[in-house]
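Report on the following structure.
2 protein chains.
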Amino acid sequence: MSARQLKLGFMMHGNGTGWGDWRHPRAHPGASTDFAYYRRQAIEAEAAKFDFLFVADSVHITPKSSPHYLNRFEPLTILSALAAVTDRIGLVGTLTVSYAEPFNVARQFGSLDHISGGRAGWNVVTSWLEGSARNYSRDKHFDHATRYRLAAEHLDVVQGLWDSWEDDSLTHDKASGQFFDPARLHRLDHRGQFFQVEGPLNLSRSPQGQPVIFQAGASEDGKNFAAARSDAIFVQNDDLPSAKAYYADVKRRAAGFGRDPDDLFVLPGLRPVIGSTEEEAERKYQEFIALTSIEDALLIMARSFNEHDFSQYDLDAPFPDVGRFAENSNRSTSERVIRLAQEGNLTLRQTAQRFATPRTDFVGTPEQVADAFQRWFLEPAADGFVYNNSLPDELSVFAGTVIPILQDRGLFRREYEGTTFRDQLGLAKPENRHAARRVAAE
Amino acid sequence: MSARQLKLGFMMHGNGTGWGDWRHPRAHPGASTDFAYYRRQAIEAEAAKFDFLFVADSVHITPKSSPHYLNRFEPLTILSALAAVTDRIGLVGTLTVSYAEPFNVARQFGSLDHISGGRAGWNVVTSWLEGSARNYSRDKHFDHATRYRLAAEHLDVVQGLWDSWEDDSLTHDKASGQFFDPARLHRLDHRGQFFQVEGPLNLSRSPQGQPVIFQAGASEDGKNFAAARSDAIFVQNDDLPSAKAYYADVKRRAAGFGRDPDDLFVLPGLRPVIGSTEEEAERKYQEFIALTSIEDALLIMARSFNEHDFSQYDLDAPFPDVGRFAENSNRSTSERVIRLAQEGNLTLRQTAQRFATPRTDFVGTPEQVADAFQRWFLEPAADGFVYNNSLPDELSVFAGTVIPILQDRGLFRREYEGTTFRDQLGLAKPENRHAARRVAAE
Chain H
1 MSARQLKLGF
11 MMHGNGTGWG
21 DWRHPRAHPG
31 ASTDFAYYRR
41 QAIEAEAAKF
51 DFLFVADSVH
61 ITPKSSPHYL
71 NRFEPLTILS
81 ALAAVTDRIG
91 LVGTLTVSYA
101 EPFNVARQFG
111 SLDHISGGRA
121 GWNVVTSWLE
131 GSARNYSRDK
141 HFDHATRYRL
151 AAEHLDVVQG
161 LWDSWEDDSL
171 THDKASGQFF
181 DPARLHRLDH
191 RGQFFQVEGP
201 LNLSRSPQGQ
211 PVIFQAGASE
221 DGKNFAAARS
231 DAIFVQNDDL
241 PSAKAYYADV
251 KRRAAGFGRD
261 PDDLFVLPGL
271 RPVIGSTEEE
281 AERKYQEFIA
291 LTSIEDALLI
301 MARSFNEHDF
311 SQYDLDAPFP
321 DVGRFAENSN
331 RSTSERVIRL
341 AQEGNLTLRQ
351 TAQRFATPRT
361 DFVGTPEQVA
371 DAFQRWFLEP
381 AADGFVYNNS
391 LPDELSVFAG
401 TVIPILQDRG
411 LFRREYEGTT
421 FRDQLGLAKP
431 ENRHAARRVA
441 AE
Chain L
1 MSARQLKLGF
11 MMHGNGTGWG
21 DWRHPRAHPG
31 ASTDFAYYRR
41 QAIEAEAAKF
51 DFLFVADSVH
61 ITPKSSPHYL
71 NRFEPLTILS
81 ALAAVTDRIG
91 LVGTLTVSYA
101 EPFNVARQFG
111 SLDHISGGRA
121 GWNVVTSWLE
131 GSARNYSRDK
141 HFDHATRYRL
151 AAEHLDVVQG
161 LWDSWEDDSL
171 THDKASGQFF
181 DPARLHRLDH
191 RGQFFQVEGP
201 LNLSRSPQGQ
211 PVIFQAGASE
221 DGKNFAAARS
231 DAIFVQNDDL
241 PSAKAYYADV
251 KRRAAGFGRD
261 PDDLFVLPGL
271 RPVIGSTEEE
281 AERKYQEFIA
291 LTSIEDALLI
301 MARSFNEHDF
311 SQYDLDAPFP
321 DVGRFAENSN
331 RSTSERVIRL
341 AQEGNLTLRQ
351 TAQRFATPRT
361 DFVGTPEQVA
371 DAFQRWFLEP
381 AADGFVYNNS
391 LPDELSVFAG
401 TVIPILQDRG
411 LFRREYEGTT
421 FRDQLGLAKP
431 ENRHAARRVA
441 AE
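Chains as they are written, first to last, in full-length UniProt numbering: chain H, 1 to 442; chain L, 1 to 442.
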């Protein structure tokens, strides 16, 4: 078995990540708020030994939003519920720093880590939908640079609060009446640009000490933040050359911040389409393309261009010059679209369709899909993947065909290691900062 | 069987509600963050047919805080986890309007309602601990009157967001590609004094339509808010005359707001001490008194007097004149303490001990405790109770002895009715406000 093992996450998205996926004959359109469905999928993912479940999020919708944005569980509630019906799988939830108080965030993920016996992960996002501000009594969404400064400070506060109590601070001495050792309980007294938080947290240190940090940024600020602060990066890269370049880039940045690049896991999100033959896989892929109308495909793209109205252009002319994308749109994604169109010399129609339903290396037989995973992993362009699908029965197909091949090749472990999510990732539990300081002083 | 049935909640408090409870030989001091313990207790409470679980909360601690405040689960995470391991019992969580965004609150309780199949309840509090502001980047906690204005507006927003989607708005028509009916999705466009929230919520209408609302205020503002807006009131009243007066008062207020007073449940929180004989019960009660030192008893009282330093007074002199309690202390509780001292002509020591470990009607044999429940219920001074205890095995004693007596007397049902928490309370699912408006217009 090779020493380096790939990491697998399972993206729980209920009714799918494509706009039209819910229309597939085998789709369950109400899946995104069906707890029985989430429970079944989580238990199945755990039986298949996935390292973690991943729950995405956003905080603003309009009638034009994708079906998988319109109606879905709030991440911390659904992950807590899934913690109760699973034992070993990691539980990663997205939560925006722009619209949540760090004291609440620290409690929520700290509680999840306690409830799950050390399986919590926080995907730190800054929210890129301009409309989000209007659900939170704000006139304007923060600009991109401000959001990342805020994110860094928010994370400082949350991670500081997680260290409020040293591991052995709850002495529970019934005879003397000492419930805790006051010398091992610490206020935070954070006074920053965005936040002033006294602390301590009203929750003892959790099994992982510090829940695992995910990040998904792909801009310059985002990459630096992820390389400096996160344990894992969830990234959207459909093609091997960009994935490889991205991988090298963030690993180099991590080293630049003085970190061991092996402690940072780069995990592209991918949606394999698996068939028992190449033809069947291709047919399934074409089915998905057909499910998304060209109107919807334009809307999907528009999300990354500040809701730009693409319907005004000739569909079969080259991709239009839409000028500089606005400050608060999802810059990394819009850049990717423009590059896709330019490099492939595509029309607007082709660009929209390819973007809505990407044709990746991961369409084919189980062997071919396993080959693609292996190629990306060994290149290296990835340390693992966040697998997602759109149909209720696709997880069984993937778990029953691709995972055993990866296991046979020694690329993916057959059993969980340890009990916490950090154990699965091979990351040590960080020492409490106050305990470390005291030991250093002694 | 009498038509009117009492309602029973179970307060989940881990290591107990008394400061010294964790020191009892049979106590589990780490219970408050032990999920296995919470799961066992929730399953046992459901087997005993309790109407709901209740999780309290607060958002600021100091080294002087009670052990049951220092270290505990965040309510929404633990309730979501318990939703996954129970089927019928209601799930009520405390969450402060002062430090949580209404869009987040609406999502969290809406998700819990979806996950649990319609069992969510929100105990709306405004937070009375002055220090809370310092965990949320604010200089000062809102004053009492402002907090209640804010609470009313916060609840308006949350309840409005819960009606974003009409019940039948998700059409899921695969053939036509219509995921939802846009005419049945509604923005909120709330513009108030404290909040501006556009909506709609990114979560479909939950099984209860509107999760159940609890309130716990006991001040004038609190009583009016509870009578006008809540389905149930969680109140601290240890003695029958005050409980009876309070009951009549809030029912009258509810009628004044044009409501049917029977739709408002008044539920005192009580901690029975049960023994197989009167002597055993009394001995158990004395054990609990002995667990709380006089120093701790003074600190407990101080919480309701803005952390006033009571240690400066003679313990065996009459209760001191501490002047007017400050605006932001817990006014209703401090009034209760002063009344207790004056009416009983008590010393400072006696007042603190009685307040820390109240001697109520609910200390005795199972028959005597059941008698007390019956007396309070029929008086009427209560529509039911929020039962709490401090030791891991007390729930079994209560469920095995007192509940069967209440059932034999026809005061408490033997089986759950319906599936949602509203069903247990006999409260109809409210019609969606937009659907109602359209029907009215037609």
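Cβ atoms here follow ideal geometry from the backbone N, Cα and C, with glycine treated the same way.
In the structure shown, what three-state DSSP assignment does residue i receive?
| i | result |
| --- | --- |
| A84(H) | coil |
| I213(L) | strand |
| T33(H) | helix |
| residue 446(L) | The structure shown does not extend to residue 446(L), since chain L is modelled only from 1 through 442, so no value can be given for it. |
| V322(L) | coil |
| residue 443(L) | The first residue shown for chain L is 1 and the last is 442, placing residue 443(L) beyond what the model contains. |
| N328(H) | The predicted position of N328(H) is uncertain, since its pLDDT is 49 and thus under 50; no value can be drawn from it. |
| I89(H) | coil |
| Y387(L) | strand |
| D21(H) | helix |
| V273(H) | strand |
| V363(L) | strand |
| D139(L) | coil |
| W165(L) | strand |
| T357(H) | coil |
Find the residues of chain L that neighbour residue i, judging by a C-beta separation of less than 8 Å, and give them in chain order.
| i | result |
| --- | --- |
| F179(H) | W22, P29, P67 and L70 |
| L270(H) | The contacting residues do not exist; L270(H) stays about 25 Å from chain L at best. |
Tell me which residue opens and which closes the beta strand (DSSP E) that residue i is part of.
| i | result |
| --- | --- |
| M5(L) | The question names Met, but residue 5(L) in the sequence shown is Gln. Unbroken run through Q5(L): none, as it is neither H nor E. |
| N123(L) | A120 to V125 |
| T146(H) | Element bounds for T146(H): not the beta strand (DSSP E) but the alpha helix (DSSP H), H144 to W162. |
| V266(L) | F265 to L270 |
| V55(H) | F52 to V55 |
Which residues of chain H have a Cβ atom closer than 8 Å to the Cβ of residue i, listed in chain order?
| i | result |
| --- | --- |
| G199(L) | N135 |
| T351(L) | Under the 8 Å cutoff, chain H gives no residues; its nearest Cβ is about 21 Å from T351(L). |
Should residue i be labelled buried (16 or more other beta-carbon atoms within 10 Å of its own) or exposed?
| i | result |
| --- | --- |
| R4(H) | exposed |
| Q159(L) | buried |
| F257(L) | exposed |
| Q178(L) | exposed |
| N328(L) | Annotation note: pLDDT 49 at N328(L) (below 50); position unreliable, coordinate value reported separately. By the neighbour-count rule (16 or more Cβ atoms within 10 Å), N328(L) is buried. |
| Q312(L) | exposed |
| N345(H) | exposed |
Give the interface partners of residue i over in chain H, defined as CB-CB distance under 7 Å, in chain order.
| i | result |
| --- | --- |
| Q196(L) | S137 |
| Q108(L) | E74 and T77 |
| S111(L) | F73, E74, T77 and I78 |
Going along chain H in order, which residues have a C-beta closer than 9 Å to the C-beta of residue i?
| i | result |
| --- | --- |
| F421(L) | What F421(L) touches in chain H: nothing, since even the nearest Cβ is about 16 Å away. |
| F35(L) | A83, A84, H114, I115, S116 and G117 |
Taking the alpha helix (DSSP H) that residue i belongs to, which residues open and close that run?
| i | result |
| --- | --- |
| A255(H) | L240 to G256 |
| A232(L) | No alpha helix (DSSP H) contains A232(L), which is instead part of the beta strand (DSSP E) from A232 to V235. |
| R422(L) | F421 to L425 |
| residue 443(L) | Past the boundaries of the shown model lies residue 443(L); chain L is included only from 1 to 442, so the question cannot be answered. |
| R438(L) | R433 to A441 |
| Y313(H) | Note, Y313(H): premise wrong, no alpha helix (DSSP H); not H, not E. |
| P404(L) | I403 to D408 |
So which residues on chain L does residue i lean against when the C-beta distance must stay under 9 Å?
| i | result |
| --- | --- |
| residue 443(H) | There is simply no residue 443(H) to check, as chain H begins at 1 and stops at 442 in what is shown. |
Counting only beta-carbon atoms, is residue i nearer than 8 Å to chain C?
| i | result |
| --- | --- |
| E335(H) | Judged by its chain identifiers, the structure shown contains no chain C, and its protein chains are H and L. |
For the region 374-405 of chain H, list every residue whose C-beta sits within 7 Å of some C-beta in chain L, in sequence order. none
Chain L contacts from the region 81-103 of chain H (Cβ-Cβ distance under 9 Å): For the region 81-103 of chain H, which is checked against every Cβ of chain L, the residues closer than 9 Å are A81, L82, A83, A84, V85, Y99, A100, E101, P102 and F103.
For the region 152-186 of chain H, which residues have a beta carbon sitting closer than 8 Å to at least one beta carbon of chain L? W165, L170, H172, K174, G177, F179, F180, P182 and L185
If you measure beta-carbon to beta-carbon, which residues of the region 48-63 of chain L are closer than 8 Å to chain H? S58, V59, H60, I61 and P63
Got a sec: which bits of the region 113-128 of chain L sit with their beta carbon under 7 Å from any beta carbon on chain H, in order along the chain? Residues of the region 113-128 of chain L with a Cβ closer than 7 Å to any Cβ of chain H, in chain order: H114 and I115.
Taking only beta carbons into account, state which residues of the region 202-213 of chain H come closer than 7 Å to chain L, listed in chain order. N202, L203 and S204
Select from the region 218-249 of chain H all residues with a C-beta closer than 9 Å to any C-beta belonging to chain L, and list them in chain order. none
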